[in-house]
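Counting along the sequence shown from 1, when you hit position 315 you're at 310 in the numbering used here, and nothing is skipped either side.
Down below is the structure, laid out as structure tokens.
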Amino acid sequence: MFDKKETVLSVRNLGTRFMTSSGTVKAVDGVSFDVHKGEIFGIVGESGSGKSVTNLSILRLIPSPPGKIVEGQIILKGKNLLEANENELQMIRGGNVSMIFQDPMTSLNPLLKVSVQIAEVLELHHGLSRKEAEKKVVELLKAVGIPDAERRAQEYPHQFSGGMRQRVMIAMAIGCNPDVLIADEPTTALDVTIQAQILDLIRRLSDSRTMSVILITHDLGVVAGMCDTVAVMYAGRIVEQSAVDPLFREPRHPYTQGLLASVPRLDSAWSERLYSIPGAPPNLADLPAGCAFAPRCAYALPVCRNAYPPLTEMDDGQGGKRLVRCWLHTSENSGEQQ
Ligand SMILES: Nc1ncnc2c1ncn2[C@@H]1O[C@H](COP(=O)(O)OP(=O)(O)OP(=O)(O)O)[C@@H](O)[C@H]1O
Ligand SMILES: [Mg+2]
């Protein structure tokens, strides 16, 4: 269980744009959330909703040009990362905040032995000698469940299977005891049994080290099984955020309802057609004036098309708060729904 009182990372009103030939893409627009100590914070949403850009912005890894963080604050332990200089950022990346990606091969150097790559990170952040670092590498590989760690440390990335490579990435990512581990679709390239093992490993590491995790995924099943809290993103904005149980039990935003309805259920009849949300996501370079989901929403009111909905805070029925950005749930309109 995470500590609700201790906020490790606070993202406030983050805005990230890409200047493209077809206009300014609002990839992330007014995103705010807090990640607490030991919490697994899930971010879900369809492709292009801004999940990766949000997290790359946290680490200031947005390619510029064409990208630019135009507003907001990212507070890590009291420091605004948007004001950090390059040296500070280098210590934060892989030190306080580390990231693992979908495809470990893009982050591992194929020409270097695994031990050397992980040791370099430890030398940089902890000032360890090469010998000390290599000893720690073996401990880390054992901690992430790599058998015969002493020998495997001397191998190259291509000698590892996909699942084992992801374990190597995780070993590298936890080497400096980060406050926050960002895992961007860490298992989509793996087969399902290996997927479950890697997720279980992340969960156990989060518990044993009280490490916070931001877990980005398309998979609501993964969110249900892993996360404490979940934020649902649509068109660069968080539309609903809550503890996992209340969100699954009673989704409030019509987009969240649609996402949940489009997941196959074991108890549904085989002949039942799976729901799919009608329409397509909006062009982020030309967002509608009101709610970006309104054109696809079966419950849209006239106001939804004209004005951007405010964030409504409501009780989640479990002593916590749920946030919903939807006109149907504002105090004036909540009586009109259903
Ligand atoms: N370098 C870039 N140049 C221009 N636009 C970009 C760039 N990187 C991202 N975008 C745009 O920003 C938006 C958000 O992208 P992002 O990668 O965060 O989506 P995502 O939610 O992670 O999607 P996926 O589930 O497919 O990984 C998309 O519309 C994307 O086209
Ligand atoms: Mg992504």
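Just so you know, even glycine gets a beta-carbon here, dropped at the ideal spot from N, CA and C.
The structure presented is a predicted model; accordingly, all values stated were derived computationally and were not measured.
For Asn91, the number of other beta carbons within 10 angstroms of its own is at least 16, and it is reported as buried. Under a 10 Å Cβ-count criterion, Asp(-2) is classified as exposed, with fewer than 16 other Cβ atoms of the shown protein chains found around its own Cβ.
Not a single heavy atom of ligand 1 lies less than 7 Å from the C-beta of Phe288. For Thr188, the enclosing alpha helix (DSSP H) begins and ends at 187 to 204.
At least one heavy atom of ligand 1 falls within 7 Å of the beta-carbon of Leu279.
Around the Cβ of Thr101, a 10 Å sphere holds fewer than 16 other Cβ atoms; the residue is exposed. Residue side-chain check: Glu180 places its Cβ nearer than 7 Å to a non-hydrogen atom of ligand 2. Considered as a whole, the stretch 15 to 71 harbours 46 to 53 as its complete alpha helix (DSSP H) runs of no fewer than 4 residues, in chain order. Where Gln85 is concerned, there is no enclosing beta strand (DSSP E), although the alpha helix (DSSP H) around it starts and stops at 81 to 87.
Of all C-beta pairs linking the stretch 177 to 190 to the stretch 142 to 151, fewer than three are shorter than 8 Å, placing the two stretches out of contact.
With a cutoff of 8 Å on beta-carbon distance, Pro273 and Ala287 are scored as not near each other. Thr2 is the residue among Arg7, Gly10, Thr2, Val48 whose C-alpha sits nearest the C-alpha of His31. Thr182 has no beta-bridge partner at all, per DSSP. Near ligand 1, residues with a Cβ at less than 7 Å from any of the ligand's heavy atoms are Phe13, Thr15, Val20, Ala22, Gly40, Glu41, Ser42, Gly43, Ser44, Gly45, Lys46, Ser47, Val48, Thr49, Pro58, Pro61, Gly62, Glu180, Ile211, His213, Met228, Gly231, Leu279; the list follows chain order.
With contacts defined as CB atoms closer than 8 Å, Ser110 and Val139 fail to qualify as a contacting pair. Residue environment analysis places Thr49 among the buried positions, since at least 16 neighbouring C-beta atoms fall within 10 angstroms of its C-beta. Between Ile87 and Leu71 a beta carbon distance of about 7 Å is seen, short of the 8 Å cut, so the two are scored as contacting. For Ser110, no beta strand (DSSP E) segment is defined; the enclosing uninterrupted segment is the alpha helix (DSSP H) at 109 to 121. Counting only runs of 3 or more residues that sit fully inside the stretch 215 to 291, the beta strand (DSSP E) segments are 224 to 229, 232 to 238, in chain order. Just so you know, the alpha carbons of Leu135 and Ile169 end up roughly 8 Å apart. Annotation for Met164: the continuous alpha helix (DSSP H) segment containing it runs 157 to 169. Between the stretch 56 to 73 and the stretch 31 to 43 there are fewer than three C-beta pairs closer than 8 Å, too few to call the two in contact.
Between Arg317 and Lys108, the alpha-carbon positions lie close to 47 Å from each other. Comparing alpha carbon positions, the residue from Asn172, Met159, Ser271 closest to His120 is Asn172.
Here DSSP, grouped into helix, strand and coil, assigns Asn301 to helix. In the DSSP assignment, Glu129 falls within the alpha helix (DSSP H) that extends over 125 to 138. As DSSP reads the structure, Arg147 sits in no beta bridge.
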